[in-house]
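K.L.:
My questions all concern the structure below.
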């Protein structure tokens, strides 16, 4: 009698409509489990397909000796200039240079900070590579990596030494001048 009472208490579900059955329709005593839905691939995986190569190689840093020396002896300056362009002017070269020096002074691992900007640059310009690769490149060869990033920005039309604002003015000097000349005259109130 216990089994009969148990069957009366639990609901009975018919099979889903539209499914032809040749066997007797099974009666469900519990709610059917959720169907597994196939998820599309992660967007990160899709983006990897359309990535392009760097315009300069990692060890092409020796072809521009002045920049190579600056990146080797004062990487904080090169990093500060690069980061201002990558941040599109939301941070200054001086601020990022100071943060680089502070992190280097406290931990000795400023390469981790600069690695984050390499990853950001790769995402902005859809360049080949991976976060792991970026980490090892910056930890093992910081000057070469900074020089590569600097030259990549140069090849994309930036004068990195000018900073973001300088590049914006250089790219459109006429727009700023035209905007000031085409302003409508101010309407003034009545005077006595």
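Numbering (the numbering used here), first residue to last: 182 to 373. Backbone N, C-alpha and C fix where the C-beta goes; we use that ideal spot for every residue, glycine too.
1) Look at the alpha carbon of residue 241 and the alpha carbon of residue 276, and state the distance between them as a whole number of angstroms.
2) When you compare each of 350, 348 and 330 to residue 236 by their alpha carbons, which one comes out closest?
3) Which one of 345, 281 and 289 has the shortest CA to CA distance from residue 327?
4) Name the DSSP beta bridge partners of residue 338, please?
5) Using C-beta distances below 8 Å, list every residue in its chain close to residue 248, excluding the 5 sequence neighbours before and after it, in chain order.
6) At a cut of 8 Å, does the stretch 298-315 reach the stretch 282-290 through at least three beta carbon pairs?
7) Please state the DSSP three-state secondary structure of residue 344.
8) So, at 7 Å on beta carbons, what are the nonlocal neighbours of residue 323 in its own chain, with the 5 sequence-adjacent residues on each side left out?
9) Determine which residues share a DSSP beta bridge with residue 261 and list them.
10) At 4 residues or longer, and completely inside the stretch 255-313: list those alpha helix (DSSP H) runs for me, N to C.
11) Going by other Cβ atoms of all chains shown within 10 Å of its Cβ, with 16 needed for buried, is residue 271 buried or exposed?
12) Could you tell me the alpha carbon to alpha carbon distance between residue 264 and residue 274, rounded to whole angstroms?
13) Does the Cβ of residue 299 have 16 or more other Cβ atoms within 10 Å, making it buried, or fewer, making it exposed?
14) Given that a residue counts as buried once 16 or more other Cβ atoms are within 10 Å of its Cβ, and exposed if not, what is residue 232?
15) Could you compute how far the alpha carbon of residue 338 sits from the alpha carbon of residue 344?
16) Can you find the residues in the same chain that come closer than 7 Å, C-beta to C-beta, to residue 297, ignoring five residues on each side of it along the sequence?
17) From the DSSP output, in three-state form, read off residue 247 for me.
18) Can you tell which of 325, 267 and 286 has its C-alpha closest to the C-alpha of residue 304?
P.N.:
So, from the listed chains and residues:
1) As a working note, residue 241 is residue 60 in the chain shown. As a working note, residue 276 is residue 95 in the chain shown. Taking C-alpha positions only, residue 241 is separated from residue 276 by approximately 28 Å.
2) Translated into the one-based positions of the chain shown, residue 236 becomes position 55. If we check each option's Cα against that of residue 236, 330 comes out closest.
3) In the chain shown, counting from the first residue as 1, residue 327 sits at position 146. When only C-alpha atoms are compared, the closest one is 281.
4) Within the chain shown, residue 338 is the residue found at index 157, counting from 1. Residue 338 pairs with nothing; no bridge assigned.
5) Locating residue 248 in the chain shown gives position 67, where the first residue counts as 1. Same-chain partners within the cutoff: 242, 259, 328, 331 and 332.
6) Under the 8 Å Cβ criterion, the stretch 298-315 does not count as touching the stretch 282-290, having fewer than three qualifying pairs.
7) The residue given as residue 344 occupies position 163 in the chain shown. Annotated three-state conformation of residue 344 is helix, per DSSP.
8) Working through the chain shown from its first residue, we reach residue 323 at position 142. Excluding residues within five positions, the ones whose Cβ falls inside 7 Å are 256, 292 and 295.
9) Here residue 261 refers to the residue found at position 80 of the chain shown. For residue 261, which the question treats as bridged, DSSP gives no partner whatsoever.
10) Listed in chain order, they are 256-267, 274-288 and 291-306.
11) As a working note, residue 271 is residue 90 in the chain shown. Residue 271 sits exposed, since fewer than 16 C-beta atoms from the chains shown fall within 10 Å of its C-beta.
12) By one-based count along the chain shown, residue 264 stands at place 83. By one-based count along the chain shown, residue 274 stands at place 93. One alpha carbon belongs to residue 264, the other to residue 274, and they sit about 7 Å apart.
13) Counted from its first residue, the chain shown places residue 299 at position 118. Label assigned to residue 299: buried.
14) Translated into the one-based positions of the chain shown, residue 232 becomes position 51. Flag for residue 232 reads exposed.
15) As a working mapping, residue 338 is identified with position 157 in the chain shown. As a working mapping, residue 344 is identified with position 163 in the chain shown. Between residue 338 and residue 344, the C-alpha separation is close to 12 Å.
16) Residue numbering aside, residue 297 sits at position 116 when the chain shown is read from its first letter. Exclusion of the five residues before and after residue 297 leaves no residue of its chain whose Cβ lies closer than 7 Å to its Cβ.
17) Here residue 247 corresponds to residue number 66 of the chain shown, with the count starting at 1. When secondary structure is reduced to three states using DSSP, residue 247 falls in the helix class.
18) As a working mapping, residue 304 is identified with position 123 in the chain shown. Of all alpha-carbon atoms in 325, 267 and 286, the one lying nearest the alpha-carbon of residue 304 is that of 267.
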